[in-house]
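First up is the structure itself, then whatever we jot down about it.
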Amino acid sequence: MRHYQIPAVELLGPGHLACPGCGAAVGMRLALKALGKKTILVIPACCWSIVPGAFPHSAIDVPIYNTAFETGGAAAAGIVAALDILGDEETTVVTWAGDGGTFDIGIQSLSGAAERNDNFIYICNDNEAYMNTGIQRSSATPYLAWTTTTPAGNPKERPKKNMLEIMADHRIPYVASVTIAYPEDMIRKIRKAKSIYGTKFIHLLSPCPPGWRIPSEKVVHVSRLAVRARVFPLLEIEDGERYTVNVHPDAIPVREYLKAQGRFSHLTEEQIDEIQSNVDREWRRLLKRTQFSSAVFDVARR
Amino acid sequence: MKKVITGNEAVAYGVALSRVQMIAAYPITPQTTIVEELSQMCADGRLKARFIKVESEHSAMASVLASCTAGARSFTATSSHGLALMHEMLHWAAGARLPVVMVNVNRAMGPPWNIWNDQTDSLSQRDTGWIQLYCENNQEVVDTIPQAYRIAETVRLPVMVVLDAFVLSHTAEATEIPEAERIDEFLPPFHGRFTLTGRQHQSFNPIATPDYYMEFRHKMQEAMDQAKEVVRDADERYERLVGRGYGMIEKYNWDGADTVLVTSGAVTGTSRFVTDELCREGPPVGLLKMKMFRPFPVEQIREVLGGVPKVAVLDRGLSFGHSGFFAGEIRSALCREKERPEIFGFVTGLGGRDVTPGMIREMIRYTREKDRPEGDIIWVGLKR
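In order, the protein sequences belong to chains D and B.
The opening residue of the first sequence carries number 0 in numbering that gives the first Met the number 0; numbering runs sequentially from there.
The opening residue of the second sequence carries number 0 in numbering that gives the first Met the number 0; numbering runs sequentially from there.
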């Protein structure tokens, strides 16, 4: 992978209220470096409603528009429309929402904005549960994971919703997945999103030390394991059909990813094997789509 | 210029005259033709505004609040279940002190499904911090929208302009469209006091601890109190420029009246006709039109109803387990008066049931004949 220098600009200041080792804090810091000062952040209810600090403080050096849980897409659309009529062509509008505000309660307004192709970047900070209220399952929670509403004796029974594919199927110009373990990749993708007109969806996997039951210093490590174990592939989907896998994982066993986290400590060997076969199946499916898309676009280029 | 237009077309003219810059709306009967007319106006350039065709009323209000925070004069319209779906965001509008204007076409709430007129939808939003203005006819609709923006932008609270389903929304009346220059004089361009494109380091609607929250609420209440003066001022200025004014309340056929009928919305027109007739026949019956419901014009109510022996309140909405909305509010406003009128609370016209001149006569007859009402609610037009 080509490396990019990480910008020196710091728009996330000290004094924020994130937990030690919070993946979302590192994610926000990197995202703001990529976005720059001419950014308006739209934050529906999520950890980041609290993290910048309570009134009258803010640890973020761009304007923030806090909005209701389910309105990440609609609020961004409103700001974009206002900037348009007021003649502001420089400012980038970015929604930063959690997985609850994206996969669940917010999917309607996000889908509405994407269908209209409103011009903004939507970053889903996916920590795979409702972490702001204390680790309750969301539809982003992985199969068999522990949360306080899916306790070990009755873990989550359904697979994670495939939000990337759902967004790609809106035929928006740009959809990508990122993690803080690959910061150059993340910054490149956010900058690319910024350069494209329309709705852009960035899926950030964001390990949560208390929620995932991992030590604070292991957040980057676990983020990397997710990519290496093919649990969270780093990819781009353009116009809903051009697939690019950015990092080709060395396919470590998914067991290594699961064993690094307390939220999977109840799993039996059989369950780990089942998760492995699910991950393998999803990976084959992704490769098929990638090969299909490159075949189609190679033909188109000829 | 005089045109024969429906209430919903009057809304669109009022919005265009107010030079609204952003509209987000979702169609719902009987508001739909507002969305259609405004879409057309944006499409053919009569209105230079962005129109977001949102996927729900909740998103409509969320978009409008965001665009207003970014500095654009913003508008939406809804009705009934659409308004109920917005409920959460109505609190956000008022709490964020955003001067947005919304039109609500009064329609009954289901179930059972009902698309016809009553006032339960808007009146049950009374505690969200919105100023509420009810219109009697299409002329009042077109005149009230620019006033609503002036009021909203002065006190920094959202304003709901309300008109009756079908009776106004789909009924055409001869309506004077004010000259755009007059309205420009009345309503200067919108400049948000704080906007998202202002300073870098600004957080809108952040979490406020118990150390601060109550003060935000206190300021909202102060703004509501201030609104009464601002509404009066806006109305007087409008009247000077355009020639029509409405007031927060309006006294009609008042001289020597022993009984006063209180109404709001389009039924006021029918009631004017009935009280005119009754005044010709015998002792006069006064009519009190309530244009403003929030802030409730408590002082004005005390002043005009203080010495009246009997007051009949015609409610087209009901706070279940209590009484008609207006009757309850008026009782509360007068409770400390020494000379308290007897309040007769009539509930009628729910779900579009016609309120006829005969029914209004019956309410007044009942009020005159009885010393006191049989209960806090007297149902009129109910099939038993």
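Positions of the beta carbon are idealized from the N, C-alpha and C atoms, including for glycine.
Please read these numbers as outputs of a predicted model, since none were measured by experiment.
Which chain D residues sit within Cβ distance under 7 Å of residue i?
i        : result
Val53(B) : Ala73, Gly111
Exposed or buried, residue i, counting other C-beta atoms within 10 Å across all chains shown (16 or more means buried)?
i         : result
Asn153(D) : exposed
Cys46(D)  : buried
Val3(B)   : exposed
Gln199(B) : exposed
Ser79(B)  : buried
Glu127(D) : buried
Gly86(D)  : exposed
Phe102(D) : buried
Thr147(D) : exposed
Cys334(B) : exposed
Met0(B)   : exposed
Gly320(B) : exposed
Tyr148(B) : buried
Ala95(B)  : buried
What does residue i reach in chain B if we use C-beta pairs closer than 7 Å?
i        : result
Ile78(D) : Ala65, Ser66, Ala69, Leu195
Thr90(D) : Thr196
Val61(D) : Gln199
Asp83(D) : Arg49
Name the chain B residues whose beta carbon is nearer than 8 Å to that of residue i?
i         : result
Pro51(D)  : Ser202, Pro205
Ser137(D) : Residues of chain B passing the Cβ test: none, with the nearest at roughly 20 Å.
Ile39(D)  : Ala69, Leu195, Thr196
Asp87(D)  : Thr196
Locate the beta strand (DSSP E) running through residue i, then write down its first and last residues.
i         : result
Val104(B) : 100–105
Phe292(B) : 291–293
Thr198(D) : 198–204
Lys217(D) : Careful: Lys217(D) lies outside any beta strand (DSSP E) and carries neither H nor E.
Ala76(B)  : 73–77
Tyr307(D) : Given a span of 0 to 301 for chain D in the structure shown, any question on residue 307(D) remains unanswerable.
Gly97(D)  : 91–97
Tyr251(B) : 248–251
Gly262(B) : Going by the sequence as given, residue 262(B) is Thr instead of Gly. Where Thr262(B) is concerned, the enclosing beta strand (DSSP E) stretches over 258–262.
Val41(D)  : 38–43
Output needed for residue i: all residues of its chain with C-beta closer than 6 Å, excluding positions within five of it in sequence on either side, in chain order.
i         : result
Tyr242(D) : Ile236, Arg288, Thr289, Ser292
Gly44(D)  : The amino acid at residue 44(D) is misidentified as Gly; the sequence shows Ala. Here the set comprises Phe68.
Tyr12(B)  : Val141, Ile176
Phe263(D) : Leu257
Starting from the C-beta of residue i, find all residues in its chain whose C-beta is less than 7 Å away, skip the five residues before and the five after it, and write them out in chain order.
i         : result
Trp253(B) : Gly285
Gly244(B) : Asp234, Glu235, Tyr237, Glu238
Asn116(D) : Ile171, Gly197, Thr198
Glu139(B) : Tyr245
Pro29(B)  : Ser78, Val104, Arg106, Ile114, Ala164, Phe165, Ser168, His169
Ser108(D) : Glu69, Thr70, Gly71, Gly72, Ala73
Looking only at DSSP bridge pairs, what is residue i linked to?
i         : result
Ala23(B)  : Ile51(B)
Pro241(D) : The displayed chain sequence assigns Arg, not Pro, to residue 241(D). Answer is Glu237(D).
Ser176(D) : His202(D)
Pro145(B) : Pro145(B) is not bridged to any residue.
Phe345(B) : Leu313(B), Ile377(B)
Gln131(B) : Met159(B), Arg293(B)
Gly323(B) : Leu317(B)
Ile4(B)   : Glu172(B)
Thr208(D) : In the sequence on display, residue 208(D) carries Pro and not Thr. Partner(s): none; Pro208(D) has no beta bridge.
Leu11(D)  : Ile59(D)
Asn65(D)  : Ile42(D)
Could you give the first and the last residue of the continuous alpha helix (DSSP H) run that contains residue i?
i         : result
Val303(B) : 297–304
Gln220(B) : 212–241
Lys159(D) : No alpha helix (DSSP H) contains Lys159(D), which DSSP labels as neither H nor E.
Cys41(B)  : 31–42
Cys67(B)  : 56–68
Thr267(B) : 266–280
Pro356(B) : 356–368
Met27(D)  : 22–34
Who are the neighbours of residue i on chain D, taking C-beta pairs under 9 Å?
i         : result
His57(B)  : Ala67, Glu69, Thr70, Ala73, Gln107, Ser108
Tyr148(B) : Correct list: empty, because the minimum Cβ distance to chain D is about 16 Å.
Tyr211(B) : Ala53, Phe54, Pro55
Ser17(B)  : Near Ser17(B) there are no residues of chain D at all, since even the closest Cβ is about 14 Å away, more than 9 Å.
Ala265(B) : Near Ala265(B) there are no residues of chain D at all, since even the closest Cβ is about 32 Å away, more than 9 Å.
Thr208(B) : Ala53, Phe54
Could you pull out every residue in the same chain whose Cβ sits closer than 8 Å to the Cβ of residue i, ignoring the five residues on either side in sequence?
i         : result
Asp117(B) : Asn105, Arg106, Ala107, Arg315, Gly316, Gly348, Leu349, Gly350, Gly351
Ala192(D) : Ile120, Tyr173, Ala175, Lys199, Ile201
Pro294(B) : Ile130, Met223, Asp224, Ala226, Lys227
Pro209(D) : Cys18, Met130, Ile134
Going along chain A in order, which residues have a C-beta closer than 7 Å to the C-beta of residue i?
i        : result
Leu11(D) : Structure shown: chain A not included; protein chains present are D and B.
Check the Cβ of residue i against every Cβ in chain B and list those closer than 9 Å, keeping chain order.
i        : result
Lys36(D) : Gln199
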